[in-house]
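Written out below as structure tokens is the structure these notes cover.
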Amino acid sequence: MDVNRSLAAIPSEPGEISKRSLTPSQSVLAVQIELCRQNSRCEVEPGIVRELVREFGAVEPEVLSEAFRACRNSSDFFPTIKQLWREVWQARERLATETEAERWRQSRAEAARARAAGEVIEFASLMDLCLQVAAETQIAAPSALDLCKPMPDEWSPLPPVLELERRAAEQQSRLKEWLTRRGQTTSQEVEQHAHISG
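Each residue of the sequence shown is one higher than the one before, starting from 14 at the first, in my numbering.
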């Protein structure tokens, strides 16, 4: 029995699905069903083909190929839906692991490239630079814990209006300090300058 004809004969609407309208998953499914049919030397009933399409029609093509291949390698019989789902989940897990490993390799290669180009400074190098600057300027060097501290809450971004109000209050406070240092301590003068600058 030609599996492509069986897949094409599955009604989706009043008409029949033509071979051209098969999704990539369905095309892979047709090929894999035919390979399993030939491997097991048995005929596949149209009802089984329809059920396989219903169950696996949306599974990624590369996952389907790997799952069917695993079933053919482990048994001479046509795979059951349960066996196929088990292989699909294992194939997805393998592909996810391989993808994550490749992403990790790429990030390591990118970090090595950035280090070689001088775009990234190693923590040990940063600590050495801090010690060198501290020795040259005669100030205390920050500890490694100080360099690793998270940013304080004041660095967290605020909504735009609140950020502008915070900046305005900060500038008014600086202006008040500056005027106080110059001897202009009356509140009228501070208000006058704050009004002009705000």
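Even for Gly, the Cβ is constructed at its ideal location relative to N, Cα and C. All values derive from a computational prediction rather than experimental measurement.
For aspartate 141, the secondary structure class from DSSP, reduced to helix, strand or coil, is helix. Look at valine 72 here: in three-state DSSP terms it is coil, with no helix or strand label. Glycine 70 has its alpha-carbon roughly 10 Å from the corresponding atom of arginine 63. No Cβ-Cβ contact shorter than 7 Å links valine 101 with proline 74. About 54 Å separates the beta carbon of valine 146 from that of alanine 104, a gap too long to meet the 8 Å contact definition. Contact annotation: valine 44 and arginine 50 have beta-carbon atoms that are not nearer than 7 Å. Secondary structure note for glutamate 115: its alpha helix (DSSP H) is the uninterrupted segment 94-130. With fewer than 16 other CB atoms across the displayed protein chains lying within 10 angstroms of its CB, alanine 182 is exposed. Distances from the CA of phenylalanine 91 to each of Glu68, Ile46, Trp98 and Ile134 were compared; the closest alpha carbon is that of Ile46. Measuring C-alpha to C-alpha distances from lysine 95 to each of Ala80, Asp89 and Ala109 identifies Ala80 as the nearest. Spatial neighbours of arginine 128 in its own chain (CB-CB distance under 6 Å, excluding positions within 5 residues in sequence) are not present.
In this structure, alanine 154 places its C-beta atom within 7 Å of the C-beta atom of cysteine 143.
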